[in-house]
Amino acid sequence: MNERQRLANLLRNCSKNLLLDQGMQAHGTVMKMGLGFDLMLSNDLIDMYGKCGRTGMACAVFDRMPERNVVSWTALMCGYLQNGNAKGSLSLFSKMGLSEIKPNEFTFSINLKASGFVGIAENGMQIHNMCTKSGFEWVTVVSNSILDMYTKCGRVSEAARMFNVMPVKNLITWNAMIAGYTLKGNGERALLLFRQMQGMGEVPDEYTITSTLKACSGLGAIRQGSQIHSSLITRGFLCSVRTMIAGALVDLYVKCSHLTEAQRIFDQIEQKNLVSWSALILGYAQECNLLQAMDLFRQLRVSIHHQVDGFILSSLMGVFADFALVEQDEAEKLFNETPVRNVISWTIMITGYGKHGLGRKSIRLFHQMQSEDIEPDGVTYLAVLSACSHSGLVEECQEYFSRLCHDRWIERNVEHYACMVDLLGRAGRLKEAKNLIDSMPLKPNVGILQTLLSACKVHGDLEIGREVGETLLRLDGGNPVNYVMLSNIYAEAGYWKECERLRKLFKMKGLKKEAGRSWVEIDKEVHFFYNRDETHPLTEKIHQKLKEMEQRIKSEIGYVHGVRFALHDVEEESKEESLRVHSEKLAIGLALVCGEVEKGHKTIRVFKNLRVCGDCHVFIKGLSKVLKVVFLVRDANRFHKFENGLCSCGDYW
DNA sequence: CTAGGGTTAG
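Residues 78 to 730 in the numbering used here are what the first sequence spells out, letter by letter.
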């Protein structure tokens with residue numbers, strides 16, 4: 078074997094096994110031997126550098142070549158694509174179009190994949206056209222790539238058309254189509270196809286199984302999912318491809334809330350990968366079992382086999398934010414540790430700060446991500462808008478909204494408008510909010526109308542409130558919340574007859590308000606309370622404590638009951654009494670009785686399933702001042718951070 | 001010598 082061939086084999090081996098150092102050495106030898114201009118060796122070098130993540134070097138080799146063939150171009154594009162630079166590959170593709178060299182099936186499939194990555198269908202369709210004209214369309218690899226490109230660009234029906242007319246299908250064709258349906262939330266279709274392919278004697282592989290399991294978990298189809306699971310066991314499939322499928326199985330049971338089964342499978346996995354770890358950790362977090370989730374995370378960190386990645390760190394950031402741990406800067410620490418931050422990890426972080434009323438920090442991150450060349454998408458905009466709105470940053474919010482409107486790559490949805498309605502509503506600019514809804518190019522949904530109605534309630538706007546409220550009763554007549562809000566508005570305006578009418582309607586429809594429930598964690602034990610709950614053994618002491626606190630607040634800062642908040646509930650409640658026994662107050666009372674303050678805790682965390690009542694809001698503000706303690710209350714709507722007599726929500730709960 | 005399909009996060 079001559080030296081040239083030996084070097085080529087060496088380079089291919091380095092490329093295959095990602096041996097950068099050895100590859101660079103071989104590069105040196107190539108140059109020393111005077112083979113720097115050899116076409117085949119240069120192509121191998123481009124491939125090797127691309128695979129090893131050195132696109133700069135690949136590019137340098139490419140640029141120095143006196144002549145290039147289609148392989149040189151394609152290898153470089155592939156390098157770009159595999160290192161996440163899909164646009165780079167596409168621009169090389171257009172550059173190549175200006176040269177004499179014609180693309181082949183390899184070039185096409187790489188750039189179809191790149192188009193799918195970028196997600197713009199028009200771009201991919203152009204390449205599809207070129208495939209048709211050059212006769213590559215029905216080369217199976219190319220048709221598969223076209224099909225996949227369409228699903229990634231959200232054109233599932235185009236993909237299905239391709240699937241139906243393809244003269245030759247292979248396993249990859251089926252897999253791509255099943256994955257496409259799954260990705261676009263059409264799980265039923267995916268399962269149908271899965272059965273169909275088996276009916277045609279096609280044998281599924283690990284790709285098929287993982288996509289199909291994902292379809293099941295998306296549908297919450299535990300029965301079908303576990304059927305596949307058991308068929309895997311009987312066919313002995315699990316032994317050979319355990320790690321591949323395990324993540325999807327863990328996720329399936331997690332999504333269906335079968336944590337015990339998820340844990341059981343997880344324990345059986347011999348080589349656990351990060352996917353299964355993160356699926357299980359998030360499963361526990363989703364069940365509000367923060368202790369178990371954190372414990373698993375600690376185990377993951379000390380296990381030597383795993384380098385914690387950006388994916389799991391950013392998921393956990395979201396968990397921390399939801400459990401109000403942003404205060405301890407846990408999420409921020411994780412964020413700084415995250416090796417590769419993408420648009421999702423940034424968005425999680427922006428959302429986290431937004432939920433805690435730290436709008437300025439959200440804005441700072443929003444700019445920082447762009448300075449690091451990560452482009453925001455629709456969800457990012459939603460995060461920053463909602464952060465601004467929750468922090469009352471009116472001008473900023475309007476500015477980002479108009480930026481969003483001018484960005485033609487991002488689709489606006491009702492949620493974006495709902496943020497603006499919330500913002501205007503807080504500011505008492507209800508007419509403008511109403512106009513925005515009336516003039517927006519989208520159909521208003523129940524959520525945005527409820528946002529407006531709730532603003533009407535806060536500002537006591539009868540005129541708009543009545544109109545929106547009555548609309549909501551028509552659109553969403555089964556939802557108790559609408560009755561309560563509207564009847565509050567009527568009552569405050571003194572429209573008692575209307576109140577009575579709503580109360581009757583409410584009873585007639587057999588509706589029930591969701592029972593208010595709060596909980597607090599003390600010494601690693603969670604205590605739950607309903608309104609008027611007297612089942613806790615310390616109930617008497619709790620009532621005593623609350624009375625004592627009321628007195629203190631009254632005498633020290635002149636607190637009065639905000640009785641208006643309880644006056645007009647649809648169900649009858651005695652005012653004074655009901656105010657004293659709201660579940661959130663009981664939970665706080667218990668924390669005080671148990672001496673959480675004396676133990677030196679600076680922060681007391683309370684959770685509530687509904688929104689915090691207005692009177693309790695006033696009360697907790699007072700408490701935070703006289704006790705010099707921070708209360709962090711997570712309710713159905715947002716976090717409230719009570720500190721020194723003020724609340725982060727600026728009294729707009 | 002270059003290529004196509006899957007699992008965990010907002």
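All C-beta atoms in this analysis are idealised placements derived from N, C-alpha and C, irrespective of residue type, glycine included.
Using the beta-carbon count (16 or more within 10 Å), is residue i buried or exposed?
i      : result
Phe114 : exposed
Thr209 : exposed
Gln527 : buried
Glu661 : buried
Glu673 : buried
Cys482 : exposed
Lys291 : buried
Met108 : exposed
His306 : buried
Leu530 : buried
Val498 : buried
Trp423 : buried
Met277 : exposed
Val280 : exposed
His694 : buried
Glu473 : buried
Glu476 : exposed
Val658 : buried
Leu373 : buried
When you compare each of the options to residue i by their alpha carbons, which one comes out closest?
i      : options                        : result
Arg715 : Met173, Cys230, Leu435, Gly130 : Leu435
Val707 : Val689, Thr680, Gly722         : Thr680
Glu625 : Trp150, Asp499, Val703, Thr311 : Val703
Lys676 : Thr151, Val658, Ile599         : Ile599
Asn568 : Val216, Val535, Pro180, Lys590 : Residue 568 is actually Ala in this sequence, not Asn. The option with the nearest alpha carbon to Ala568 is Val535.
Ile249 : Ile223, Val683, Val233         : Ile223
Val242 : Gly324, Thr217, Ser564         : Thr217
Gln102 : Glu283, Ser353, Leu87          : Leu87
Asp553 : Thr428, Lys586, Met517         : Lys586
Gln82  : Leu116, Gln99, Met254          : Leu116
Met426 : Ser392, Glu449, Asp450, Gln621 : Ser392
Leu501 : Leu519, Leu462, Pro521         : Leu462
Phe412 : Arg437, Ala362, Leu442         : Leu442
Glu617 : Ser234, Val670, Leu579         : Val670
Ala532 : Asp712, Arg506, Phe185, Ala163 : Arg506
Tyr458 : Asp484, Val471, Asp450         : Asp484
Asp629 : Phe583, Ile299, Leu582, Gly699 : Inspection of the sequence shows that residue 629 is occupied by Arg rather than by Asp. Arg629 has its Cα closest to that of Gly699, out of Phe583, Ile299, Leu582, Gly699.
Phe400 : Gly111, Phe696, Val683, Arg145 : Val683
Ile389 : Gly130, Val491, Thr415         : Thr415
Arg578 : Glu591, His604, Leu550         : Leu550
Do you know how far the Cα of residue j is from the Cα of residue i?
i      : j      : result
Tyr330 : Ala339 : 5 Å
Leu623 : Val417 : 49 Å
Glu648 : Ala495 : At Glu648, the pLDDT of 43 sits below 50, so the modelled position is not reliable and the matter cannot be decided from this model.
Arg341 : Pro453 : 39 Å
Lys172 : His205 : 18 Å
Ser466 : Asn556 : 25 Å
His645 : Gly691 : Residue placement at His645 is flagged as unreliable, the pLDDT there being 44, under the threshold of 50; the coordinate-derived value follows with that caveat. Cα-Cα distance, rounded: 13 Å.
Lys349 : Trp150 : 38 Å
Gly324 : Ala256 : 16 Å
Val337 : Tyr227 : Before going further, note that residue 337 is Thr rather than Val in the sequence given. Cα to Cα, Thr337 sits roughly 38 Å from Tyr227.
Ile346 : Val456 : 35 Å
Leu563 : Gly546 : 6 Å
Asp515 : Glu509 : 10 Å
Ser317 : Ile286 : Model confidence at Ser317 stands at a pLDDT of 46, short of 50, so the residue's coordinates are unreliable; what they give is reported in the following sentence. For Ser317 and Ile286, the distance between alpha carbons rounds to 13 Å.
Ala668 : Val597 : 7 Å
Ala398 : Arg503 : 24 Å
Val352 : Val327 : 9 Å
Gly161 : Gly469 : 38 Å
Asp712 : Lys581 : 29 Å
Lys718 : Met446 : 27 Å
Arg489 : Glu627 : 47 Å
Cys155 : Lys128 : 8 Å
Quickly, what does DSSP pair residue i with across the bridge? List them, please.
i      : result
Phe605 : Trp596
Val707 : Thr680
His717 : Val710
Gly724 : In the sequence as displayed, the identity of residue 724 is Cys instead of Gly. Bridge partners of Cys724: Phe719.
Lys66  : With the chain running from 78 to 730 in the structure shown, residue 66 is simply not present.
Within 8 Å, do at least three Cβ pairs link the stretch 537-544 to the stretch 561-577? Touching, yes, given that three or more Cβ pairs across the two stretches are closer than 8 Å.
Would you call the stretch 191-200 and the stretch 158-170 touching, i.e. three or more CB-CB distances under 8 Å? yes
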